[in-house]
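Participant: So the sequences go chain by chain: A and B.
So the first sequence is residues -13 to 393, counted in the numbering used here.
So the second sequence is residues -13 to 393, counted in the numbering used here.
Number of protein chains: 2
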Amino acid sequence: MALIVQKYGGTSVAGLDQIRKVAERVAGVYGAGNGVVVVLSAMAGVTDQLIQLAQEITDHPHRRELDVLLATGEQTTVSLLCITLESMGYPARSLLGHQAEIVTDRTFGQARIVGIHAHRIKALLDQRKIVAVAGFQGRDTKGNITTLGRGGSDTSAVALAAALEADVCEIYTDVDGVYTTDPNLCKSARKLDRISYDEMLEMASLGAKVLQIRAVEFAKKFDVPVHVRSSFKEEEGTMVVEEETDMERVVVSGITYSKNEARITLTKVPDQPGVASKIFTPVAEAGIVVDMIIQNTRKGGLTDLTFTVPKSDYPTAMAIQKDVAETIGAEQVLGDEQIAKVSVIGVGMRSHSGVAAKMFTALANENINIVMISTSEIKISCVIQEKYTELAVRVLHSTFGLEDEKL
Amino acid sequence: MALIVQKYGGTSVAGLDQIRKVAERVAGVYGAGNGVVVVLSAMAGVTDQLIQLAQEITDHPHRRELDVLLATGEQTTVSLLCITLESMGYPARSLLGHQAEIVTDRTFGQARIVGIHAHRIKALLDQRKIVAVAGFQGRDTKGNITTLGRGGSDTSAVALAAALEADVCEIYTDVDGVYTTDPNLCKSARKLDRISYDEMLEMASLGAKVLQIRAVEFAKKFDVPVHVRSSFKEEEGTMVVEEETDMERVVVSGITYSKNEARITLTKVPDQPGVASKIFTPVAEAGIVVDMIIQNTRKGGLTDLTFTVPKSDYPTAMAIQKDVAETIGAEQVLGDEQIAKVSVIGVGMRSHSGVAAKMFTALANENINIVMISTSEIKISCVIQEKYTELAVRVLHSTFGLEDEKL
Chain A
-13 MALIVQKYGG
-3 TSVAGLDQIR
7 KVAERVAGVY
17 GAGNGVVVVL
27 SAMAGVTDQL
37 IQLAQEITDH
47 PHRRELDVLL
57 ATGEQTTVSL
67 LCITLESMGY
77 PARSLLGHQA
87 EIVTDRTFGQ
97 ARIVGIHAHR
107 IKALLDQRKI
117 VAVAGFQGRD
127 TKGNITTLGR
137 GGSDTSAVAL
147 AAALEADVCE
157 IYTDVDGVYT
167 TDPNLCKSAR
177 KLDRISYDEM
187 LEMASLGAKV
197 LQIRAVEFAK
207 KFDVPVHVRS
217 SFKEEEGTMV
227 VEEETDMERV
237 VVSGITYSKN
247 EARITLTKVP
257 DQPGVASKIF
267 TPVAEAGIVV
277 DMIIQNTRKG
287 GLTDLTFTVP
297 KSDYPTAMAI
307 QKDVAETIGA
317 EQVLGDEQIA
327 KVSVIGVGMR
337 SHSGVAAKMF
347 TALANENINI
357 VMISTSEIKI
367 SCVIQEKYTE
377 LAVRVLHSTF
387 GLEDEKL
Chain B
-13 MALIVQKYGG
-3 TSVAGLDQIR
7 KVAERVAGVY
17 GAGNGVVVVL
27 SAMAGVTDQL
37 IQLAQEITDH
47 PHRRELDVLL
57 ATGEQTTVSL
67 LCITLESMGY
77 PARSLLGHQA
87 EIVTDRTFGQ
97 ARIVGIHAHR
107 IKALLDQRKI
117 VAVAGFQGRD
127 TKGNITTLGR
137 GGSDTSAVAL
147 AAALEADVCE
157 IYTDVDGVYT
167 TDPNLCKSAR
177 KLDRISYDEM
187 LEMASLGAKV
197 LQIRAVEFAK
207 KFDVPVHVRS
217 SFKEEEGTMV
227 VEEETDMERV
237 VVSGITYSKN
247 EARITLTKVP
257 DQPGVASKIF
267 TPVAEAGIVV
277 DMIIQNTRKG
287 GLTDLTFTVP
297 KSDYPTAMAI
307 QKDVAETIGA
317 EQVLGDEQIA
327 KVSVIGVGMR
337 SHSGVAAKMF
347 TALANENINI
357 VMISTSEIKI
367 SCVIQEKYTE
377 LAVRVLHSTF
387 GLEDEKL
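#1: Just checking, does the segment 44 to 59 of chain B make contact with the segment 1 to 15 of chain B on the three C-beta pairs under 8 Å criterion?
#2: What are the residues of the segment 69 to 85 of chain A that lie near chain B, defined by any Cβ-Cβ distance shorter than 7 Å?
#3: Establish whether the CB of A42/B and some CB of chain A are separated by less than 8 Å.
#4: Quick one: using the 10 Å Cβ neighbour count with 16 as the cut-off for buried, is A272/B buried or exposed?
#5: Would you kindly work out how many angstroms separate the C-alpha atoms of Q61/B and I131/A, rounded to a whole number?
#6: Should H46/B go down as buried or exposed, given a rule of 16 or more other Cβ atoms within 10 Å for buried?
#7: Among V23/B, R215/B, Q324/B and L320/B, which one has its Cα closest to the Cα of L82/B?
#8: Within the 8 Å Cβ cut-off, does L52/A reach chain B?
#9: Could you pull out every unbroken alpha helix (DSSP H) segment of at least 4 residues lying fully inside the segment 49 to 126 of chain A, listed in chain order?
#10: Whose C-alpha, out of V330/B, V202/B and R336/B, is nearest the C-alpha of F346/B?
#11: Just checking, does the segment 361 to 378 of chain B make contact with the segment 307 to 319 of chain B on the three C-beta pairs under 8 Å criterion?
#12: Between I354/B and the rest of its own chain, which residues show a CB-CB distance below 6 Å, the 5 nearest in sequence each way excluded?
#13: For chain B, find out if any of its Cβ atoms is closer than 8 Å to the Cβ of P256/A; answer yes or no.
#14: What separation, rounded to the nearest whole angstrom, lies between the Cα atoms of E247/A and T292/A?
#15: Which chain E residues sit within Cβ distance under 9 Å of T58/A?
#16: Taking S142/A and G121/A to be in contact with their CB atoms under 8 Å, please state how far apart those CB atoms are, rounded to whole angstroms.
#17: Could you tell me whether the Cβ atoms of A348/A and L382/A are closer together than 8 Å?
#18: Please classify M(-13)/A as buried or exposed, where buried requires at least 16 other C-beta atoms within 10 Å of its C-beta.
#19: Determine, using beta carbons only, whether H48/B comes closer than 8 Å to chain A.
#20: Check this for me: beta carbons of V154/A and P211/A, under 8 Å apart or not?
#21: Name the chain A residues that come within less than 7 Å of L320/B, Cβ to Cβ?
#22: Using a Cβ cut-off of 8 Å (strictly closer), state whether L377/A contacts chain B.
#23: Looking only at its chain, what residues have a beta carbon closer than 8 Å to the beta carbon of M304/A, apart from the 5 residues adjacent to it on each side?
#24: Once DSSP output is grouped into helix, strand and coil, what is the label at K264/A?
#25: Between the Cα of V144/A and those of Y76/A, V227/A, A18/A and H105/A, spot the shortest distance and give me the residue it belongs to.
#26: Name, in chain order, the residues that DSSP records as bridge partners for R180/B.
#27: Could you tell me the distance, in whole angstroms, from the CA atom of S(-2)/A to the CA atom of V25/A?
#28: For a contact meaning CB atoms closer than 7 Å, what does L2/A contact in chain B?
#29: Residues of chain A with a CB under 7 Å from the CB of G129/B: which are they?
#30: Report the three-state DSSP secondary structure of I131/A (helix, strand or coil).
#31: Helix, strand or coil for F386/B? Go by DSSP, reduced to three states.
#32: Measuring alpha carbon to alpha carbon, tell me which of H84/A, Y76/A, T44/A and V196/A ends up nearest M74/B.
#33: Alpha carbons only, please: which of R136/B, F386/B and L150/B is nearest the one belonging to L110/B?
#34: What three-state label does DSSP hand S329/A in the structure shown?
#35: Enumerate in chain order the residues of its own chain whose CB-to-CB distance from D410/A is below 7 Å, with the five nearest sequence positions on each side excluded.
#36: Would you list the residues sitting across from I157/A in a DSSP beta bridge?
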């Protein structure tokens, strides 16, 4: 019999009715003779409500204490699930982060798991108990409560699956699985049966919000098979697994997009050593993450330098660069918030050439101008004007033959 | 400088405004150079809401899991208090029951504290931190979360004060202190400056809901001075302390009453060995606590036997006794829910005679019939008809000279 870790997100445990459905699904898997560890998020909206409550006190709640407050969310759902399972006649025990000995560093609000002592869970499984673990939370080495940041329950689940050497980690969510692109935007988007960890990492970081990126990193590192599936349907979702030989037959697995970035250009920057440092050091010091950077050398020792930042940091970054431009003698600072990034992802690119050329041609055929380009081993991203986003996604989806053949 | 444990009840932390008032009071005491440990209840009504939520799933929620759920209530208030204190510039750290190492037995829902390892709290106090401990909760020796039952935060506070050898344990509540009787019922009721542990025990068990009885037992056992006072006023409340010589000048300290009991009488019970056991064993097995028992021997080897039970257990107890009466050959089972118990309490009774006679005379003068009598070293209780309760309390209050002289 298998050992299965199941994780249910906030919408799957949003109320007592939903929790009962989760309990029935868990009971089914347990009843078939499997060992089951269930990882739960807080009820949908609860974490945000708690943050809001704390922010009514102060804009910057003490981080250690905020984690104590937030941890109540998952504590509530695991106890309610166990009460439900017990009332149905199934033996169930809840464990909070510290009881499950999910040990993290001390970065309150964004803690990273450093280890899991799984002996208590294993002992409960040996007694044929269903174990419900509060996701999103852990403890540091001194016993302080920590939380893992937005989407942290995914990471809890994958880390537990790794520590327990579970056969599979099932991530139950409100979508069916991982799609070739956003189905809301492209009707012919197709659900993938399998996707590699590396592709999923690129997907996650580019805006497909199915699975937290750190959870995928964990899964890849410890080789945990992850099954992303719907908590409202029985059918299978998408397996996120180690890259397999037959995966390479597909060159491109998915198209993603992001509208959350803005572009900043400094024109006529003196092309001298140390200039890039002067431009990017104050941005980094402001805690702003720069994504793409492009520099075009021009005549006369002057260059244009363009980079992208998250839209939310755009005003701060612009203000910083206006000071920088004066200091380094650049001509002007131009900004553009009306941009989008579309990306083509696939492990097949490793062995196939011509993907970039095919992408650029497809966009050119629609008169979509490419503002910036960046590439990795398994990804090509183009920055375009925001208004072309939907068109670009659909064209690329079709160009790389990702359509659902059933349609 | 003193070490002070303060406990605030649910109405004192009912919302962010009230929590800010608590923070200001705590900050004042801390700012004067004292060490402060704050014990909090859940927000008023929250524990009941959580119980109700669990009971929507099942009438008998799994007790271990219910405690996990209930423990979120105090977790919320301690974190909010610490966020508030930190936002005001005061260093504050919350500790949950398990972090404060409040170790209990494994009686979920009604756990008893078996020990407190106070080293972590002491270390935080040494660093001049304000420590906020979640009341009502602890952990068993295996790390399971337990709760102490209704009013358990009082016990948490007194136990912490004992473990820390605090100078005083202040219980902040929505009343000014301990009164000679219920001020809602008797306008001339007077706030007591001091009361002994023993008197307070009698008061608590007889219906003055100021302080949980187990908290008083703890305070007496470890000689913790307890100060019951209002969280909405600055003035001093009532000190609950070891019996002192000058206390004996007052013969009677207070009058209490309870309307929560019902009376059951078995008539013409064969007066044989083993009969009492046959009557009371099934009642005990049903988990019903019997308070007073009176037996009158009559002629012919037959006796009437009367006892009181909590009103909520009355239907069950009546049903049991009807079976019992048949088995043992008693004539009939009579019941009365329209009764009340009025009690006169005072350590001075130990050295003064005539209190009982004075009490009976006072009631007789008002034509109040005494149905049952029970006495302890420092208490005399009479069961009367319920409709005379208010009259009896006022008459006894006046008879023993307890009026507020300011009125």
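We put the beta carbon where it would ideally sit given N, CA and C, even for glycine.
Facilitator: The relevant details are as follows:
#1: Segments in contact, no.
#2: I69, T70, E72, S73, S80 and Q85
#3: The residue asked about is misnamed: residue 42/B is Glu in this sequence, not Ala. So, interface residue.
#4: Looking at its Cβ environment, which holds fewer than 16 other Cβ atoms inside 10 Å, A272/B is exposed.
#5: 11 Å
#6: So H46/B ends up on the exposed side.
#7: V23/B
#8: yes
#9: 49 to 73 and 105 to 112
#10: Among V330/B, V202/B and R336/B, the Cα nearest to that of F346/B is on V330/B.
#11: no
#12: I370, Y374 and A378
#13: no
#14: 13 Å
#15: Looking for chain E here will not work: the only protein chains present are A and B.
#16: 4 Å
#17: yes
#18: exposed
#19: yes
#20: yes
#21: Ordered by position in chain A, no residue passes the 7 Å Cβ test against L320/B, which lies about 40 Å from the chain.
#22: no
#23: I250, V319 and G321
#24: DSSP places K264/A in helix when its eight states are reduced to three.
#25: Ranking Y76/A, V227/A, A18/A and H105/A by Cα distance to V144/A puts V227/A first.
#26: M225/B
#27: One alpha carbon belongs to S(-2)/A, the other to V25/A, and they sit about 12 Å apart.
#28: E42 and I43
#29: Q85
#30: strand
#31: coil
#32: T44/A
#33: L150/B
#34: strand
#35: Any property of residue 410/A remains undetermined from this structure, which presents chain A solely from -13 to 393.
#36: K(-7)/A and V214/A
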